[in-house]
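Chemist:
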Amino acid sequence: MIRVKFLRLARRFGQTPHNMVVSQVLYRLGLAEQLRRTNAHGSFSSDRAREMAERLEAAGNEPLDFLCTILVLGKTGVGKSATINSIFDDTRLDTSAFDSSTRKVQEVVGTVEGIKVKVIDTPGLSCSSLEQHHNQKVLNSVKRLISKNPPDIVLYFDRLDMQSRDNGDVPLLQTITKVFGASVWFNAIVVLTHAGSAPPDGLNGIPLSYEMFVTQRSHVVQQAIRQAAGDIRLMNPVSLVENHAACRTNRAGQRVLPNGQVWKPQLLLLCFASKVLAEANILLKLEESSIAKVSRTRVPPLPFLLSSLQEQYGDDDDLEDDSGDDSDSDDGSDYDDLPPFKRLTKAQLSKLNSAQRKAYLEELDYREKLFYRKQLKEEKMRRKLMKKMAAEASTRTNDFRNSNLVPMPDMALPSSFDSDNPSHRYRFLDTPSEWFVRPVLETQGWDHDVGYEGLNVERLFAVKGKVPLSISGQLTKDKKDCSLQMEVASSVKHAEGKTTSLGLDLQSVGKDMAYTIRGESRFKNFRRNNTAAGISATFLGDSISAGVKIEDKLIVNKQLRVLVSGVAMTGRGDMASGGRLEATLRDKDYPIGRMLSTLALSVVDWHGDLAIGCNIQSQIPAGRASNLVGHANLSNKGSGQVGIRLNSSEHIELALVALVPIFQSIRKLLQNYSEST
Numbered sequence: 001m002i003r004v005k006f007l008r009l010a011r012r013f014g015q016t017p018h019n020m021v022v023s024q025v026l027y028r029l030g031l032a033e034q035l036r037r038t039n040a041h042g043s044f045s046s047d048r049a050r051e052m053a054e055r056l057e058a059a060g061n062e063p064l065d066f067l068c069t070i071l072v073l074g075k076t077g078v079g080k081s082a083t084i085n086s087i088f089d090d091t092r093l094d095t096s097a098f099d100s101s102t103r104k105v106q107e108v109v110g111t112v113e114g115i116k117v118k119v120i121d122t123p124g125l126s127c128s129s130l131e132q133h134h135n136q137k138v139l140n141s142v143k144r145l146i147s148k149n150p151p152d153i154v155l156y157f158d159r160l161d162m163q164s165r166d167n168g169d170v171p172l173l174q175t176i177t178k179v180f181g182a183s184v185w186f187n188a189i190v191v192l193t194h195a196g197s198a199p200p201d202g203l204n205g206i207p208l209s210y211e212m213f214v215t216q217r218s219h220v221v222q223q224a225i226r227q228a229a230g231d232i233r234l235m236n237p238v239s240l241v242e243n244h245a246a247c248r249t250n251r252a253g254q255r256v257l258p259n260g261q262v263w264k265p266q267l268l269l270l271c272f273a274s275k276v277l278a279e280a281n282i283l284l285k286l287e288e289s290s291i292a293k294v295s296r297t298r299v300p301p302l303p304f305l306l307s308s309l310q311e312q313y314g315d316d317d318d319l320e321d322d323s324g325d326d327s328d329s330d331d332g333s334d335y336d337d338l339p340p341f342k343r344l345t346k347a348q349l350s351k352l353n354s355a356q357r358k359a360y361l362e363e364l365d366y367r368e369k370l371f372y373r374k375q376l377k378e379e380k381m382r383r384k385l386m387k388k389m390a391a392e393a394s395t396r397t398n399d400f401r402n403s404n405l406v407p408m409p410d411m412a413l414p415s416s417f418d419s420d421n422p423s424h425r426y427r428f429l430d431t432p433s434e435w436f437v438r439p440v441l442e443t444q445g446w447d448h449d450v451g452y453e454g455l456n457v458e459r460l461f462a463v464k465g466k467v468p469l470s471i472s473g474q475l476t477k478d479k480k481d482c483s484l485q486m487e488v489a490s491s492v493k494h495a496e497g498k499t500t501s502l503g504l505d506l507q508s509v510g511k512d513m514a515y516t517i518r519g520e521s522r523f524k525n526f527r528r529n530n531t532a533a534g535i536s537a538t539f540l541g542d543s544i545s546a547g548v549k550i551e552d553k554l555i556v557n558k559q560l561r562v563l564v565s566g567v568a569m570t571g572r573g574d575m576a577s578g579g580r581l582e583a584t585l586r587d588k589d590y591p592i593g594r595m596l597s598t599l600a601l602s603v604v605d606w607h608g609d610l611a612i613g614c615n616i617q618s619q620i621p622a623g624r625a626s627n628l629v630g631h632a633n634l635s636n637k638g639s640g641q642v643g644i645r646l647n648s649s650e651h652i653e654l655a656l657v658a659l660v661p662i663f664q665s666i667r668k669l670l671q672n673y674s675e676s677t
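Number 86 in UniProt numbering belongs to position 86 of the sequence shown; there are no gaps in the numbering.
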C-alpha cells in the first residue's frame, strides 16, 4: 500500500514509473519488501500496485491520506519565501529583493494537487563568522518548534548564480550541524534558486554549458556540507528552482528550466520520496531489528577480519631447523680447503678475453656460494649452542636458588671534582629507559614546517627474564582526526617445537575503538609437518566478531613446501569462511640459489558469494646481481593484475633506472614549451 500511495502521488504530478526519482523509490521499496518477506513477489507486486494506483486515481473516490512537513533553511535573500509561494501557487509570504522578508519562524499549510503540505519557513541566516551567535539563536528557536513534530525533509537553500569557490559558507553549515546534529544532512535536499541564470564564461572565454554550470556549483555546495558534517560519504540530492515571473512556462503554466525540466514536480517528488521511505522503515521496525543495530554500529566486514586472522603472527623458523634433509648438505668445510684467490679490479677484468672472463666469474660464483653456505652453517650451530647454554644456565639457576647469597656492596666512588681524585666515575652515562620513542614524519601533512604527524613508541622486554613481551603503538593527529594503533604481543615456548603467541591489538575506527584479542599455537607433530591453530575475537562498539583458524604446513623436501589453511569468522548472526592452498618451490640450496616460485589459491564465502583468487609469483636470476620477478593474480570476479619487476644491485642499472623520471620530466617541459610557443 505504501507503493500504491507513492504511485498515486507521482501520477498527480504527471510522472510515470520511468521517472528517475520514481524508479529509485520503487526499487528501494522492493528491497524493503524482500527484507520483510522471505519470498517476495517483486514483479507481481509492482504490476499490481501500478494497476491499483491507476484505478484509485481514475475513480477519485479514495482520499489520499498523506501529509509532508518540510523545514526550510538557508542564507538571507536566496529565495526561500518566493519558492514557498511558487509551491502553493499563491502569495502566502511577503518577499523582497533587497532585504530579508521573514523575521520569525512561521508555518505555511496548504494543498498541492490535493496533497497536504506544511512548510516551516525560517529567517535568513548569515555566512559571516561574526553573525554565527545570532544564527545559533534562530536555529535554537527552530529546534524547539520542531522538537515535538520533526519535519519529514529539510531543504537547504542557496543560489545557483553565486560563483564563490572559497569556504565562506562553512561557518554557517557548521552552526547548523552543531544545533541539529550531523544527522540533519542525512535527510536534506540542496535547493539552488535562480536556476534560470545564464552560465558564466569558462577559463577559455567561452560560456559554460548549463549542465557543467549546475555540476560545478552543486559540487561546491556539497563539498562544503561534507566538510561541515565531517562525513565525506554525504551526497545530498540537488534540486533547481526558478521563481522569476519571466521564467519560461509550458502549456500547463508550469515553470520550465533551461534544461527543459519542470522543477516544481521534481522538488515535491524528492520531498515525498523521503517521507514514503521513512514510512517503509517504520513498517519494517528497523529500530528493533538486527539490521538497524548493524547499521548504527561501524562493524568491520567479516572478509577483512578473515584475512587478518589468516596472517601468520608466530615465527616457525625454530620448528623448521631440523625438518630438512641434511644428509647431502655441505657443511662449508670445502671453502677452507680452497686455494687462495685474488679478486681482480675492473681494469684487470677488462683485459681478459671472453673465455677467461667466463672462467673467472664462474670461479667467483662458486666461492661466494661456498662462503654463504659456510655462514649459514655457522649461524645454525650458533643458535643450537645458544639454546644449549640457555638450558645449562637455567639448570644452574635452579641449583643455586636455595643457597644463601650475600650481595656485593657497591664500590665507593670518589667525590666529584676532588683535588685528590681528579677522575670522576658515572654509574650511568645515558638514560636507563628502554622505551624507544620517535616522531612520525609526514612532510606533506598539515604542519609543513615541523613535519611531525604523530608519535611512535616501542618497547621490548622479558617478563621474569623468560617470557618476551613487545609493546608498540603509534598516535597520529591532524587538524580533524586522531587515530591510535597499538599492539601488545608475547610468545611462550612450552617445549621443543611447541610455541604459543598471544596478542592484543587496539585500533581507532572513526570515533570508536576496535579491540582484537588473538592467540595462536604452533607445534611440530611430525618431522616434516608443522601445525598451527588460532582464535581471534574483535570488539567494536556493542558487536563481537569471533574466528578460528587451522593451518598445516608440510615440508616435502628442501625444494617443495605445501601450506593448507582454513578460517571462519562469525559475528551478529553473519558468517564468513575461507581457505588457502599454497605451494612453494625453490632451489635446493636456497637462499644461495635465488630461484623461487609460489602458487596460491584462496577461497572466501560470504553471504553465499564465492570469491576465488589465484596468485602466482616467480623469481628467476637474471645475472650475478639481478633478479627478474613476475607476478600475476586473477579472481573469478573478473579482476586481476600482472606485473614484471627487475631488481639489481649493480650500480650502472640503478643509475639507468634513476634516469627514467628525469627524461619524463624533460619531455613534459619540452611539450609545454612547444604548446605555449
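Glycine included, each C-beta is placed from N, C-alpha and C at the ideal position.
With a CB to CB cut of under 6 Å and the five nearest residues on each side skipped, what residues in its chain are close to E311?
Modeler: The residue you call residue 311 lines up with position 311 of the sequence shown. Taken in chain order, the list of residues that qualify is empty.
Chemist: Work out the CA separation of F13 and H41 for me, nearest whole Å.
Modeler: For this step, residue 41 is matched to residue 41 along the sequence shown. For this step, residue 13 is matched to residue 13 along the sequence shown. Any reading at H41 must be qualified, since the residue scores a pLDDT of 47, below 50, and its modelled position is unreliable; the value itself is stated next. Using only the alpha carbons, I get a separation of about 28 Å.
Chemist: Within its chain, find whatever has a CB closer than 6 Å to the CB of V562; leave out the 5 residues flanking it on each side and keep chain order.
Modeler: Along the sequence shown, read from residue 1 onward, the residue named residue 562 stands at position 562. The residues are L554, A583.
Chemist: At which residue ranges does the stretch 52-79 contain complete beta strand (DSSP E) runs of 3 or more residues, listed in the order of the chain?
Modeler: 67-74
Chemist: Measure how close the beta-carbons of L73 and I176 come, nearest whole angstrom, since I'm counting them as under 8 Å.
Modeler: What you label residue 73 is simply residue 73 of the sequence shown in a count that begins at 1. What you label residue 176 is simply residue 176 of the sequence shown in a count that begins at 1. With a Cβ gap of about 6 Å, L73 and I176 count as contacting.
Chemist: With distances taken between CB atoms, is the gap from I592 to K342 smaller than 7 Å?
Modeler: To locate residue 592, count along the sequence shown from 1; it is residue 592. To locate residue 342, count along the sequence shown from 1; it is residue 342. Their beta carbons are not under 7 Å apart, which means I592 does not touch K342 by this criterion.
Chemist: Compare the C-alpha of F186 against each of Q223, P123, L139, A229 and name the closest.
Modeler: Stepping through the sequence shown from its first residue, residue 186 is reached at position 186. Minimum Cα distance to F186 is reached at A229.
Chemist: Quick one: Cα of K143 to Cα of Q671, how far?
Modeler: Taking the first residue of the sequence shown as position 1, residue 143 is located at position 143. Taking the first residue of the sequence shown as position 1, residue 671 is located at position 671. Each residue's alpha carbon lies about 59 Å from the other.
Chemist: Tell me where the beta strand (DSSP E) around Q617 begins and ends.
Modeler: Position 617 of the sequence shown, counting from 1, holds the residue named residue 617. Here the beta strand (DSSP E) through Q617 covers 609-621.
Chemist: By Cβ distance below 6 Å, which residues in the same chain neighbour V604 in space, the five residues on each side in sequence not counted?
Modeler: For the purposes of this step, residue 604 is taken as residue 604 along the sequence shown, with counting starting at 1. If we look at V604 and ignore the five residues flanking it on each side, its Cβ neighbours are P303, G578, A611.
Chemist: Which residue from L172, N149, P150 puts its Cα closest to that of F157?
Modeler: On the sequence shown, residue 157 is found 157 positions in, with the first residue counted as 1. Nearest Cα to F157 within the set L172, N149, P150: L172.
Chemist: I want to know whether the stretch 191-206 touches the stretch 111-130 - three or more CB-CB distances under 8 Å.
Modeler: no
Chemist: Buried or exposed: where does C482 fall if 16 or more other Cβ atoms within 10 Å of its Cβ makes it buried?
Modeler: Stepping through the sequence shown from its first residue, residue 482 is reached at position 482. Looking at its Cβ environment, which holds fewer than 16 other Cβ atoms inside 10 Å, C482 is exposed.
Chemist: Please name the residue or residues paired with M513 in a DSSP beta bridge.
Modeler: Your numbering for residue 513 matches position 513 in the sequence shown. Partner(s): S508.
Chemist: Do T83 and K118 count as a contact pair if the criterion is CB distance below 7 Å?
Modeler: Position 118 of the sequence shown, counted from the start, is the residue given in the question as residue 118. Position 83 of the sequence shown, counted from the start, is the residue given in the question as residue 83. No, the Cβ-Cβ distance between K118 and T83 is not below 7 Å.
Chemist: Am I right that I471 and V492 are in contact with their C-beta atoms under 8 Å? What's the rounded C-beta distance?
Modeler: Start at 1 with the first residue of the sequence shown, and residue 471 comes out as number 471. Start at 1 with the first residue of the sequence shown, and residue 492 comes out as number 492. The pair is not a contact, with the Cβ atoms about 16 Å apart (cut-off 8 Å).
Chemist: Is the beta carbon of Q559 less than 7 Å from the beta carbon of L596?
Modeler: Translated into positions along the sequence shown, residue 559 becomes position 559. Translated into positions along the sequence shown, residue 596 becomes position 596. Cβ atoms of Q559 and L596: not closer than 7 Å.
Chemist: Excluding five sequence neighbours on each side, which residues of the same chain lie with their C-beta closer than 7 Å to the C-beta of E434?
Modeler: Taking the sequence shown and counting its residues from 1, one reaches residue 434 at position 434. Contacts found: R459, F461.
Chemist: Does the Cβ-Cβ distance between L306 and V509 come in under 7 Å?
Modeler: Counting from 1 along the sequence shown, the entry for residue 306 is found at position 306. Counting from 1 along the sequence shown, the entry for residue 509 is found at position 509. Taking 7 Å as the Cβ cut-off, L306 and V509 do not qualify as a contacting pair.
Chemist: Can you list, in chain order, the residues of its chain whose CB lies under 7 Å from that of V78, leaving out five sequence neighbours each side?
Modeler: Translated into positions along the sequence shown, residue 78 becomes position 78. Excluding sequence neighbours, V78 sits near F157, D158, R159, T193.
Chemist: Which whole-angstrom value is the C-beta distance of P17 and L26, which I expect to be below 8 Å?
Modeler: Taking the first residue of the sequence shown as position 1, residue 17 is located at position 17. Taking the first residue of the sequence shown as position 1, residue 26 is located at position 26. Between P17 and L26 the beta-carbon gap is near 6 Å, inside 8 Å, which marks them as a contact.
Chemist: Between V108 and L93, how many whole angstroms is the CB-CB distance? I'm expecting something under 8 Å.
Modeler: Position 108 of the sequence shown, counting from 1, holds the residue named residue 108. Position 93 of the sequence shown, counting from 1, holds the residue named residue 93. About 7 Å; that satisfies the 8 Å criterion.
Chemist: Which residues in the same chain have their Cβ closer than 7 Å to the Cβ of C127, if we skip the five residues on either side of it in sequence?
Modeler: Working through the sequence shown from its first residue, we reach residue 127 at position 127. Excluding residues within five positions, the ones whose Cβ falls inside 7 Å are K75, G168, D169, P171, L172.
Chemist: On the criterion of 16 or more Cβ atoms from any shown chain inside 10 Å, does Y335 qualify as buried, or is it exposed?
Modeler: One-based indexing of the sequence shown puts residue 335 at position 335. Buried: at least 16 other Cβ atoms inside 10 Å.
Chemist: Runs of 4 residues minimum, wholly inside the stretch 165-245: which ones carry the alpha helix (DSSP H) assignment?
Modeler: 170-180, 210-229
Chemist: Which residue or residues does DSSP assign as beta-bridge partners of M486?
Modeler: Counting from 1 along the sequence shown, the entry for residue 486 is found at position 486. Paired residue(s): G473, L506.
Chemist: Grab the span of the beta strand (DSSP E) containing R459 for me, first residue to last.
Modeler: What you label residue 459 is simply residue 459 of the sequence shown in a count that begins at 1. Unbroken beta strand (DSSP E) run through R459: 452-463.
Chemist: Hey, out of V437, A10, D365, whose CA is closest to F272's CA?
Modeler: Locating residue 272 in the sequence shown gives position 272, where the first residue counts as 1. It is A10.
Chemist: Taking the alpha-carbon positions, what's the R667 to M386 distance?
Modeler: Within the sequence shown, the letter at position 667 stands for residue 667. Within the sequence shown, the letter at position 386 stands for residue 386. Rounded to the nearest whole angstrom, the C-alpha separation of R667 and M386 is 59 Å.
Chemist: What whole-angstrom Cβ distance do A537 and S521 have, given they're in contact under 8 Å?
Modeler: Within the sequence shown, residue 537 is the residue found at index 537, counting from 1. Within the sequence shown, residue 521 is the residue found at index 521, counting from 1. 16 Å between Cβ atoms; not a contact.
Chemist: With DSSP as the reference, please indicate the residues paired to A583 in a beta bridge.
Modeler: Within the sequence shown, the letter at position 583 stands for residue 583. Answer is V562, L599, bridged to A583.
Chemist: What three-state label does DSSP hand E288 in the structure shown?
Modeler: Along the sequence shown, read from residue 1 onward, the residue named residue 288 stands at position 288. Reliability fails at E288, whose pLDDT of 43 lies under 50, so the model's placement of it is uncertain and the value that follows must be treated cautiously. Coil, per DSSP.
Chemist: Using only CA atoms, which one of G643, G608, L309 lies nearest to L634?
Modeler: Counted from its first residue, the sequence shown places residue 634 at position 634. Taking only the C-alpha atoms, the option nearest L634 is G643.
Chemist: On the DSSP bridge list, what partners appear for M575?
Modeler: In the sequence shown, the residue the question calls residue 575 occupies position 575. Answer is T570, bridged to M575.
Chemist: For V221, I'd like the list of residues in its chain whose CB is within less than 7 Å of its CB, leaving aside the five on either flank, ordered along the chain.
Modeler: In the sequence shown, the residue the question calls residue 221 occupies position 221. Closer than 7 Å at Cβ, skipping near neighbours: D158, V190.
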